[in-house]
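Scroll down for the structure; my scribbles are underneath it.
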Amino acid sequence: MLNFDRVVKSFGPKQVLNELSFAVRPGELYGFCGANGAGKTTAMRIALGVHDADSGVVTIDGRPIDADLRAQIGYMPEERGLYAKMRPIDQLVYLAKLSGVRADEASRRAAEWIERLGVVMSPKDPLEKLSLGNQQKVQLIAALMAEPRVLVLDEPFSGLDPVAVDAMADVLLEQARNGIPVLFSSHQLDLVDRLCDRIGIIRGGRIVAEGTVGELRAKVAGRLLQISLQGAEAGWPESVPGVRRVDDHDGLVSFELSDGTDPDDVLDAVRRLGRIEHFGWRNPSLSDIFREAVTA
Ligand SMILES: Nc1ncnc2c1ncn2[C@@H]1O[C@H](COP(=O)(O)OP(=O)(O)OP(=O)(O)O)[C@@H](O)[C@H]1O
Numbered sequence: 461m462l463n464f465d466r467v468v469k470s471f472g473p474k475q476v477l478n479e480l481s482f483a484v485r486p487g488e489l490y491g492f493c494g495a496n497g498a499g500k501t502t503a504m505r506i507a508l509g510v511h512d513a514d515s516g517v518v519t520i521d522g523r524p525i526d527a528d529l530r531a532q533i534g535y536m537p538e539e540r541g542l543y544a545k546m547r548p549i550d551q552l553v554y555l556a557k558l559s560g561v562r563a564d565e566a567s568r569r570a571a572e573w574i575e576r577l578g579v580v581m582s583p584k585d586p587l588e589k590l591s592l593g594n595q596q597k598v599q600l601i602a603a604l605m606a607e608p609r610v611l612v613l614d615e616p617f618s619g620l621d622p623v624a625v626d627a628m629a630d631v632l633l634e635q636a637r638n639g640i641p642v643l644f645s646s647h648q649l650d651l652v653d654r655l656c657d658r659i660g661i662i663r664g665g666r667i668v669a670e671g672t673v674g675e676l677r678a679k680v681a682g683r684l685l686q687i688s689l690q691g692a693e694a695g696w697p698e699s700v701p702g703v704r705r706v707d708d709h710d711g712l713v714s715f716e717l718s719d720g721t722d723p724d725d726v727l728d729a730v731r732r733l734g735r736i737e738h739f740g741w742r743n744p745s746l747s748d749i750f751r752e753a754v755t756a
């Protein structure tokens with residue numbers, strides 16, 4: 461288990477992590493979400509020893525992460541960081557050898573992953589000649605080469621086409637099902653929704669919502685109404701009391717109920733504005749959950 465326990469981190473006067481606590485269990489794919497600048501990368505870098513925490517601790521199976529444990533983490537940094545001029549295969553073998561894997565075994569693993577993830581390249585090409593998506597696949601392979609005990613991946617899916625997303629997602633799910641705690645950050649909420657066993661949303665340096673998508677949905681359920689009216693004046697959504705307009709798709713307008721608003725009062729109000737075509741609860745998406753968590 462990868463555990464962040466009351467981790468605090470400031471850069472100068474700015475506190476980024478405020479007693480951040482969460483755990484990624486063995487066999488679990490954990491989606492780490494939050495607005496830009498919320499502290500996801502900082503938290504991951506602390507686990508990897510790039511930054512020191514001001515206080516608090518990150519542990520693996522109860523042991524504070526030291527150099528030995530750090531070497532057992534497969535890490536995909538946001539800034540990526542393989543050598544642009546080196547051939548991918550050489551880098552992968554080199555990195556694995558640094559982690560104590562024998563050269564022939566490292567070559568075998570690299571070839572297998574390159575094939576499995578469908579990295580498109582000519583064997584002679586240096587990394588910089590690969591498309592960004594293929595470079596990203598090589599980055600993931602680098603994180604997997606030493607058969608890590610924990611995976612920490614900073615936005616591994618950003619910029620990938622749907623086929624590459626599926627290939628990478630398959631690998632991460634497989635790693636998780638093999639018992640590895642897999643932590644990854646992402647802004648692609650549809651993907652997080654589809655893949656993750658649990659999700660943690662960070663805001664203000666701490667986790668403000670955590671659970672399975674179902675658990676998080678249950679918390680927002682009963683707060684979002686969808687309404688469509690016929691014959692109402694343009695701009696009618698702005699005149700409905702006790703709600704906040706969330707979005708509008710083809711005349712079906714979604715509203716978030718303010719605390720204490722009775723949906724029956726909303727029904728009475730919109731009846732006066734036009735003929736009701738639709739009035740019902742909206743099944744919250746992960747975007748709805750995210751919006752609620754980061755703006756509440
Ligand atoms: N080395 C640093 N020195 C000073 N401030 C930093 C440093 N690293 C990060 N920060 C600040 O810490 C805050 C959190 O940044 P971080 O990169 O952890 O957020 P994030 O959640 O990963 O964001 P994003 O989703 O945009 O990648 C930001 O305000 C950032 O400017």
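Basically our numbering = 1-based index in the sequence shown + 460. Note that CB positions come from ideal geometry on N, CA and C, so glycine has one too. These numbers come from a predicted model, not from an experiment.
Bridge partners - R732, DSSP secondary structure assignment: Here residue 732 corresponds to residue number 272 of the sequence shown, with the count starting at 1. R732 is not bridged to any residue.
For L600 and R569, what's the separation of their Cα atoms in angstroms? As a working mapping, residue 600 is identified with position 140 in the sequence shown. As a working mapping, residue 569 is identified with position 109 in the sequence shown. Separation of L600 and R569 (C-alpha to C-alpha, rounded to the nearest whole angstrom) is 13 Å.
For ligand 1, enumerate in chain order all residues having a CB closer than 6 Å to any of its heavy atoms. The filter returns F471, V476, G494, N496, G497, A498, G499, K500, T501 and T502, in chain order.
So, under 8 Å CB-CB, V703 and L689 are touching, yes? Tell me the CB distance rounded to an integer number of Å. Position 243 of the sequence shown, counting from 1, holds the residue named residue 703. Position 229 of the sequence shown, counting from 1, holds the residue named residue 689. Incorrect: roughly 14 Å between the Cβ atoms, too far for contact.
Are the CB atoms of Y490 and V642 nearer to each other than 8 Å? Walking along the sequence shown from the start, residue 490 turns up at place 30. Walking along the sequence shown from the start, residue 642 turns up at place 182. Yes, these two residues count as a Cβ contact at 8 Å.
What residue ranges within the region 655–719 form continuous beta strand (DSSP E) runs of no fewer than 3 residues, ordered along the chain? Here the runs fully enclosed are 658–663, 666–671, 684–690, 703–709 and 712–717.
Short Cβ contact (8 Å threshold) for V484 with M461: Locating residue 484 in the sequence shown gives position 24, where the first residue counts as 1. Locating residue 461 in the sequence shown gives position 1, where the first residue counts as 1. The Cβ-Cβ distance between V484 and M461 falls below 8 Å.
L480 and F464 - do their beta-carbons sit closer together than 8 Å? On the sequence shown, position 4 is the one that residue 464 refers to. On the sequence shown, position 20 is the one that residue 480 refers to. With a cutoff of 8 Å on beta-carbon distance, F464 and L480 are scored as near each other.
For E693 and S618, I'd like the C-alpha separation in whole angstroms. If you number the sequence shown from 1, residue 693 lands on position 233. If you number the sequence shown from 1, residue 618 lands on position 158. Answer to the nearest angstrom: the Cα atoms are 42 Å apart.
Three-state secondary structure (DSSP) at Q512? Reading the sequence shown from its first residue, position 52 is the one you call residue 512. Residue identity check: residue 512 is Asp in the sequence provided, not Gln. D512 falls in the coil class under three-state DSSP.
Near R683, which residues of its chain fall below 8 Å by C-beta distance, leaving aside the five closest residues on each side in sequence? As a working note, residue 683 is residue 223 in the sequence shown. The residues are E716, L717, P744 and E752.
Per-residue burial, R742 [other beta carbons within 10 Å of its own, 16 or more giving buried]: Reading the sequence shown from its first residue, position 282 is the one you call residue 742. Its Cβ being crowded by 16 or more others within 10 Å, R742 is buried.
Output the distance between the C-alpha atoms of E737 and L577, rounded to the nearest integer angstrom. Looking up residue 737 in the sequence shown gives position 277. Looking up residue 577 in the sequence shown gives position 117. So the two alpha carbons sit approximately 48 Å from each other.
Can you find at least 3 beta carbon pairs, one from the region 495–510 and one from the region 544–559, that sit closer than 8 Å? Contact between the region 495–510 and the region 544–559 is absent, because fewer than three Cβ pairs lie under 8 Å.
Go through the region 532–594 residue by residue and report every complete run of the beta strand (DSSP E) that reaches 3 residues or more, in order. Runs found: 533–536.
Assuming G593 and A571 make a contact with CB atoms under 8 Å, what is their CB distance in whole Å? Translated into the one-based positions of the sequence shown, residue 593 becomes position 133. Translated into the one-based positions of the sequence shown, residue 571 becomes position 111. Going by Cβ atoms, the distance from G593 to A571 rounds to 19 Å, so no, they are not a contact pair.
What does a CB cutoff of less than 8 Å around Q551 pick up in its chain, not counting 5 residues either side in sequence? Within the sequence shown, the letter at position 91 stands for residue 551. Within the same chain, Q551 has close Cβ partners L542, Y543, L587, V598 and A602.
DSSP has D614 in a bridge; who is on the other side? Taking the sequence shown and counting its residues from 1, one reaches residue 614 at position 154. Partner(s): S645.
Using the Cβ count rule (16 or more neighbours within 10 Å means buried), how would you classify S646? Taking the sequence shown and counting its residues from 1, one reaches residue 646 at position 186. Buried is the call here.
What residues are listed by DSSP as bridge partners for F467? For the purposes of this step, residue 467 is taken as the residue at position 7 of the sequence shown. Just to set this straight, residue 467 is Val in the shown sequence, not Phe. L480.
Look at the alpha carbon of R705 and the alpha carbon of A678, and state the distance between them as a whole number of angstroms. Within the sequence shown, numbered from 1, the residue matching residue 705 stands at position 245. Within the sequence shown, numbered from 1, the residue matching residue 678 stands at position 218. Spanning the two alpha carbons is a distance of roughly 20 Å.
Can you tell me which of the three DSSP states T519 falls into? As a first step, residue 519 is located in the sequence shown; it is residue number 59 there, counting from the start. DSSP, reduced to helix, strand and coil, places T519 within a strand of the structure shown.
Among I661, G472, R735 and A636, which has the Cα closest to the Cα of Q648? Locating residue 648 in the sequence shown gives position 188, where the first residue counts as 1. Nearest of I661, G472, R735 and A636 to Q648, Cα basis: I661.
Judging by CA-CA distance, which residue of D526, Q596, P622 and L746 is the nearest neighbour of D512? As a position in the sequence shown, residue 512 is number 52, starting the count at 1. Of the candidates D526, Q596, P622 and L746, the one whose C-alpha sits nearest the C-alpha of D512 is D526.
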